Amino acid sequence: MTTTRRAVLAGSAAVATDALLGTSEAQAQPRPEAKAKPTVVLVHGAFADSSGWNDVSARLIRENYPVIAPANPLRSVATDSAYLASVLATLSGPIVLAAHSYGGIVITNAATGNPNVKALVYVAAFAPDQGESLLELQTKYPGSKLNEAALDFRPYSEGLVDGYIKKEFFHDVFAGDVPRATTDLMQAGQRPADARTLGEPSGAPAWKTIPSYYLVARNDQVLPAAAQRFMARRAGAQVREVGASHVAMISQPAVAADLIKRAAR
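Numbering-wise (this note's numbering), the sequence shown opens with residue 24 and increments by one.
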């Protein structure tokens, strides 16, 4: 074997050895841990239940977000907010709260003072300031068709009354872009809200200290889009609009899920 050939082979062996050592060293280096995703807590509103978030939940779960969608008691603003706050207290790590409709007033109160809540997401939801009520915000701008004529009031205890949306109004007022076969089931299984929630004043708003995001439903017949834009602007929220009914998280789940993921970054 010539001297030149020996040098070439020796050099090649050295290169191969260095490459293997480099690979082994690289494999031995600890990989940085992936950033933990925040827990997403989905809060439903009145005349609904947690199943309204099902399609949004499925999208988030597929991307490995921890998700819970607790039952909202719908008894009073103070009671419901205290209940949600107790749920949040059991969670460790960062939290993103997303709410629909009446659920907005609940997260606005429940998140106040909780350092783990990193973002609030309102989906066609109420985002009141201190002292404001749902009825005040719902009627601030014209356009809501959820009035007394659309509601059934049923007493459930002495002096206490629950409100339900009547069957003949449910589809067109509450969920006009959802198939009637679906809204018939939604109406039959709707959870009512205590009528006192309409006039109960809200407390100190979490959106004054926590970043917020707002999905405006342009075709909303319950909470006028003008009221949604007003609340979003006042809260300094990042806003996205969609051509949807009041139940934008049902008719446009991909859009709602994308906004929640943006808030979770």
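Heads up, the beta-carbon is just placed ideally off N, CA and C, and yes, glycines get one too. Note that the structure is a prediction, hence the values are computed from the model and not measured.
With a 10 Å radius around its C-beta and 16 neighbouring C-beta atoms as the bar for buried, classify residue i as buried or exposed.
{"i": "V79", "result": "buried"}
{"i": "N170", "result": "exposed"}
{"i": "G199", "result": "buried"}
{"i": "L120", "result": "buried"}
{"i": "V239", "result": "buried"}
{"i": "V140", "result": "buried"}
{"i": "A280", "result": "buried"}
{"i": "I130", "result": "buried"}
{"i": "G154", "result": "exposed"}
{"i": "A59", "result": "exposed"}
{"i": "A150", "result": "buried"}
Give me the Cα-Cα distance between residue i and residue j, rounded to the nearest whole angstrom.
{"i": "V201", "j": "Y106", "result": "30 angstroms"}
{"i": "R285", "j": "Y179", "result": "41 angstroms"}
{"i": "A204", "j": "G136", "result": "42 angstroms"}
{"i": "A108", "j": "A122", "result": "14 angstroms"}
{"i": "V146", "j": "N77", "result": "14 angstroms"}
{"i": "D152", "j": "S99", "result": "17 angstroms"}
{"i": "Y187", "j": "K163", "result": "22 angstroms"}
{"i": "V278", "j": "V262", "result": "12 angstroms"}
{"i": "Q290", "j": "A248", "result": "Outside the displayed range of the chain (24 to 288) lies residue 290, so it cannot be described from this structure."}
{"i": "P215", "j": "N87", "result": "32 angstroms"}
{"i": "T206", "j": "F176", "result": "20 angstroms"}
{"i": "L160", "j": "S235", "result": "18 angstroms"}
{"i": "I84", "j": "P224", "result": "35 angstroms"}
{"i": "A250", "j": "S156", "result": "13 angstroms"}
{"i": "F192", "j": "P165", "result": "18 angstroms"}
{"i": "K231", "j": "I128", "result": "13 angstroms"}
{"i": "H194", "j": "L111", "result": "33 angstroms"}
{"i": "A172", "j": "F70", "result": "16 angstroms"}
{"i": "E181", "j": "P96", "result": "19 angstroms"}
{"i": "A134", "j": "I118", "result": "10 angstroms"}
{"i": "P138", "j": "T113", "result": "13 angstroms"}
{"i": "R252", "j": "S167", "result": "14 angstroms"}
{"i": "F197", "j": "H269", "result": "6 angstroms"}
{"i": "R82", "j": "K189", "result": "31 angstroms"}
{"i": "P93", "j": "A148", "result": "17 angstroms"}
Below 9 angstroms between beta carbons: does that hold for residue i and residue j?
{"i": "P89", "j": "V66", "result": "no"}
{"i": "A271", "j": "V265", "result": "yes"}
{"i": "Y237", "j": "M209", "result": "no"}
{"i": "G68", "j": "G126", "result": "yes"}
{"i": "A229", "j": "L143", "result": "yes"}
{"i": "N132", "j": "G222", "result": "no"}
{"i": "L282", "j": "S124", "result": "no"}
{"i": "P61", "j": "A260", "result": "no"}
{"i": "R219", "j": "L183", "result": "yes"}
{"i": "Q213", "j": "D103", "result": "no"}
{"i": "D217", "j": "D185", "result": "yes"}
{"i": "I273", "j": "G75", "result": "yes"}
Could you please give the first and the last residue of the uninterrupted alpha helix (DSSP H) stretch that includes residue i?
{"i": "E159", "result": "157–161"}
{"i": "K284", "result": "276–287"}
{"i": "D72", "result": "Taken as a continuous stretch (DSSP letters only), D72 belongs to no alpha helix (DSSP H), as it is neither H nor E."}
{"i": "P121", "result": "Checking the sequence shown, residue 121 turns out to be Ala, not Pro. Run containing A121: none in the alpha helix (DSSP H); it sits in the beta strand (DSSP E), 118–124."}
{"i": "L169", "result": "Counting along the chain, L169 falls outside any alpha helix (DSSP H), and DSSP gives it neither H nor E."}
{"i": "G80", "result": "Here the sequence assigns Ser to residue 80, which means Gly is not the residue at that position. Note, S80: alpha helix (DSSP H), 77–85."}
{"i": "V100", "result": "100–111"}
If you follow the beta strand (DSSP E) that residue i is in, where does it begin and where does it stop?
{"i": "Y187", "result": "183–188"}
{"i": "A142", "result": "140–148"}
{"i": "Y179", "result": "174–180"}
*May I have a chain-ordered list of the alpha helix (DSSP H) segments no shorter than 4 residues that lie completely inside the stretch 184–261?*
203–211, 248–258
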